[in-house]
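Undergrad: Quick one: the structure is below, questions incoming.
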Amino acid sequence: MILGVAYYPEHWPRERWETDARLMQEAGISRVRMAEFAWHRLEPREGQFDFGWLEEAINLFGRYGIQTILGTPTPTYPAWLHEMYPDIHQVKSNGQVKEWGQRQDACKNHPGYRAYARRIVEKMTAALGQNPHVVAWQTDNEFGCHGTARCHCPNCGRAFRSWLRRRFNNDIAALNAAWGTVFWSHEYDDFDQIWPPMDTADRTANDGQNPGLVLDFYRFSSDVQVEMNREQVEIIRRHSPGRPITHNLMGLFHQIDYFKLATDLDIVSWDNYPFLANNTNRPPAPLAHDLMRGLKQKPVWVMEQASGPGGWGSYAATPPPGQMRLWAYQAVARGADMISFFRWRSCRWGREQYWHGILYHHGIPQRRYEEVKQLGAEFRALSTELDGSEVAAEVGILYDYDSLWALETQPNTGDGFDYRAMANGWDAALARLGVVADAVSIDADLTRYKVLIAPSVHVCPPATAERLAAFVRAGGTLILGPRSGVKESEGAIVDALLPGPLREVAGCYVEEYDAFSQIPGLEMRVRCPANHLYRAYGLADVLVPEGDAEVSHRYEGRYYAGKPAVVRHAYGKGCCFYVGTVMEPAGLIGFLRYGVLPGAGVAVLSDLPECVEVSYRSRGGTRYAFYLNHSDAAVKVALARPGFDLLAAAAVGDSVEIPPFGVRIVREGGL
Ligand code: GAL
């Protein structure tokens, strides 16, 4: 277990560095991440490099036992580069230039930006890559943040056309057929006629242009980030071998296929700001943790975690005592081996003046520092137990960027039928039952899972259908969400009864689909086998079971009242559930608890208080259960198994009390 912090030596007088290093050491911090925004201080003038100050800081922290993770400084670029290339900026789909002043706004296909970015990474890694205190690298910073993963400038136009030529083997007829450009006479005679999708007559590019074009542009834009990352990874590996390379991802950020990006990383890291979404007495949604861990099906680092209230103009409520520590343990419980806080000290200037650090602007240690210090001491003590342990999930959530993007450009309807909301809904329902899921891609090792939940396999190429069917044939339980098997990989709708290539495994077909949520005031419900009624949202796939498939839930409402909403089909050694609508949380929980998990052999916890989250890490035959109380009141919870409370250093039996924002970590079994 490692504790770290983001530190910006360039923001503070040299005389202060040593005080910071000492305070960090006393708090148990053993990593600093530095330099990811320091391009101008590292190359103050074109071709003049200065790595001396950074090396001095690295060595100073090293003397205090604090090792450095270095960030390549390419998300922010010097004014001289802007001056050299006035067209360096990205362009929005409405033609507006993303002017100088933020970050990540240089076009990654701008040849000048790319050449200078490569050069600073070369020089930096050559200068500092062998320093014994440099133990890891972070490429760039949060690729795509502030909506910068998609650029519509002429350079991107050129790169997009080359990407399309490769994808379609230089065959424009194949592209025309795949996108169906015959519609509205949009057939192309040559790749040179294609542009990134721009806003149209009365629509944005996203909701006005050909869906095939938009989907491929989203894929291309993601690939550009992946390629930029790979370029840096290769340079770092050359000059700084043996140090793990990571990039700080943004959880559920959706414009980059993180599975692809992660293939080039040694370890996934990510930035965790729970206060952005949650300030209630309930657990922050676990899906971001579960996706980050699922990217490589391996432990992760949290490269940035909220260390106070954050915001640019106004800011979030301050985490009350214990909540930062609790969020850190939530991340650990869900697979993080390092928690690094953002940032050490609140910056006195700049857009992020109010994105608070552990210390306020004055730099005097106070309450939040003491909380981090407590965590540091605990991490040290826990390391012998937890180092090398991992989350071993029995359930997978199939997370598919193609489907997400296809639904981004054509949401079908709203009101709950939203890719991330549906994935979140399933994951949160599992969490209420004390079950942890990895969010994974179709290419992951699926044999680890007893149950696989696919929120919507909206884009379903034949290989995906085949892998899902094979999973079920081998004994897995598959849950398919609404509007699955609808689209081919380039966005054409299948020429078959839905769910198209998934019909055989699903054991049913879709007779009609209905966006009932578009009817004002209508409340759709589904009736479960135990006769409870649950609200349904978004839309309804009205199902017809085939062969020996059985109906479990039925619609209550509209002209299809009484018709199947959920169908169960035994297939091979496993079974598949087609769930034709979006059920309210209680409906999902009931369905999983009674309909799915017992049959699949996944144990659940009943009656977990709403404020309590449970997750597990295991090593060898030992399981560590984390009980996290996300509320500001103490709560009593029944334990999955008795054991030994590591933090309290005491045996625990059937139940424990957890203090407000408190944590219990129970090594299950004997002492
Ligand atoms: C992240 C970013 C940091 C800082 C922080 C607060 O998005 O990586 O550099 O900006 O959030 O906004």
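Take the sequence shown: its position 336, counted from the start at 1, is 381 in the numbering used here, and no numbers get skipped.
Using N, Cα and C, we set each Cβ at its ideal position, and we do this for glycine too.
What does DSSP give as the partner residue(s) for P609 in the beta ladder?
TA: R599, per the DSSP bridge assignment.
Undergrad: By the three-class DSSP mapping on this structure, what secondary structure does Y464 have?
TA: Y464: helix per DSSP, three-state reduction.
Undergrad: Three-state secondary structure (DSSP) at M46?
TA: M46 falls in the coil class under three-state DSSP.
Undergrad: Below 8 Å on the Cβ atoms is my contact criterion, and I expect R580 with E629 to pass it. Report the Cβ-Cβ distance as a whole number of Å.
TA: The Cβ separation is near 4 Å, so the contact holds.
Undergrad: Hey, is A102's beta-carbon within less than 8 Å of any beta-carbon in chain B?
TA: Note that chain B does not occur in the displayed structure, where there is just one protein chain.
Undergrad: Name, in chain order, the residues that DSSP records as bridge partners for V555.
TA: Paired residue(s): L588.
Undergrad: Measure how close the beta-carbons of G688 and G707 come, nearest whole angstrom, since I'm counting them as under 8 Å.
TA: That belief does not hold up - the Cβ atoms of G688 and G707 are roughly 17 Å apart, past 8 Å.
Undergrad: Tell me, please, whether the region 237–253 touches the region 430–438 by the rule of three or more beta-carbon pairs shorter than 8 Å.
TA: No contact exists between the region 237–253 and the region 430–438.
Undergrad: Considering just the uninterrupted stretch of the beta strand (DSSP E) at I103, what are its terminal residues?
TA: Note, I103: premise wrong, no beta strand (DSSP E); alpha helix (DSSP H) at G97 to R108.
Undergrad: Just the Cα atoms here: how many angstroms apart are I634 and H577?
TA: Those two C-alpha atoms are separated by around 12 Å.
Undergrad: Tell me which residue opens and which closes the beta strand (DSSP E) that L673 is part of.
TA: From DSSP, the beta strand (DSSP E) with L673 extends over T667 to N674.
Undergrad: For a test of your reading of the model: does the CB of F387 fall under 7 Å from any non-hydrogen atom of the ligand GAL? Yes or no.
TA: Within the cutoff, so yes.
Undergrad: Mapping the DSSP letters down to three states, classify V531 as helix, strand or coil.
TA: Three-state result, V531: coil.
Undergrad: Assuming contact is defined by CB atoms lying nearer than 8 Å, are K418 and G73 in contact in what I supplied?
TA: For K418 and G73, yes; Cβs fall inside 8 Å.
Undergrad: What separation, rounded to the nearest whole angstrom, lies between the Cα atoms of R572 and L478?
TA: One C-alpha to the other measures close to 21 Å.
Undergrad: With DSSP collapsed to three states, give me the class of N251.
TA: In the structure shown, N251 sits in a helix (DSSP, three-state: H, G or I).
Undergrad: Counting Cβ pairs closer than 8 Å, one from the region 136–147 and one from the region 54–68, do we hit at least three?
TA: Because the criterion of three Cβ pairs below 8 Å is not met, the region 136–147 and the region 54–68 do not touch.
Undergrad: Using the three-state DSSP reduction, which class does T245 fall into: helix, strand or coil?
TA: Strand.
Undergrad: Let me confirm a value: D247 is counted as buried when at least 16 other C-beta atoms fall within 10 Å, else exposed. Which label applies?
TA: Its Cβ having fewer than 16 others within 10 Å, D247 is exposed.
Undergrad: Is V647 closer than 8 Å to L684 when the C-beta atoms are compared?
TA: No.
Undergrad: Write down the C-beta distance between A489 and R662 rounded to the nearest angstrom, noting that I regard them as a contact closer than 8 Å.
TA: Not confirmed; about 19 Å, so no contact.
Undergrad: In terms of DSSP beta bridges, what is F387 paired with?
TA: A351.
Undergrad: Put D316 into one of helix, strand or coil per three-state DSSP.
TA: Three-state DSSP puts D316 in a strand.
Undergrad: Quick one: what does DSSP say E702 is sitting in, helix, strand or coil?
TA: Reduced to three states, the DSSP call for E702 is strand.
Undergrad: Give the secondary structure of T117 by DSSP, where H, G and I count as helix, E and B as strand, and everything else as coil.
TA: Coil at T117, not helix or strand.
Undergrad: Determine which residues share a DSSP beta bridge with N293 and list them.
TA: Paired residues: S314.
Undergrad: Taking F96 and L105 to be in contact with their CB atoms under 8 Å, please state how far apart those CB atoms are, rounded to whole angstroms.
TA: At roughly 14 Å, the Cβ-Cβ gap does not stay under 8 Å, so F96 and L105 are not in contact.
Undergrad: Under DSSP, the beta strand (DSSP E) around E63 begins and ends at which residues?
TA: That residue, E63, is in no beta strand (DSSP E); its alpha helix (DSSP H) goes R59 to A72.
Undergrad: If G625 and A615 are in contact, beta carbons under 8 Å, what's the gap, nearest whole angstrom?
TA: Not confirmed; about 18 Å, so no contact.
Undergrad: Quick check on DSSP: helix, strand or coil for I634?
TA: I634: helix per DSSP, three-state reduction.
Undergrad: Would you be able to state if there are at least three C-beta pairs under 8 Å between the region 156–172 and the region 206–218?
TA: No, the region 206–218 does not touch the region 156–172.
Undergrad: For Y414, which residues of its own chain have a beta-carbon under 8 Å away from its beta-carbon, when the five flanking residues on both sides are left out?
TA: Answer for Y414: L68, A72, I403 and L404, listed in chain order.
Undergrad: Name the two residues that bound the continuous alpha helix (DSSP H) containing E423.
TA: Unbroken alpha helix (DSSP H) run through E423: R412 to L431.
Undergrad: Evaluate the contact criterion for the region 465–484 versus the region 436–454: three or more CB pairs, one atom per stretch, below 8 Å.
TA: Yes, the region 465–484 is in contact with the region 436–454.
Undergrad: Thinking C-alpha only, which one of F386, P120 and D559 is nearest T458?
TA: If we check each option's Cα against that of T458, D559 comes out closest.
Undergrad: Taking just the CA atoms, how far does L543 sit from V531?
TA: So the alpha carbons of these two residues sit roughly 6 Å apart.
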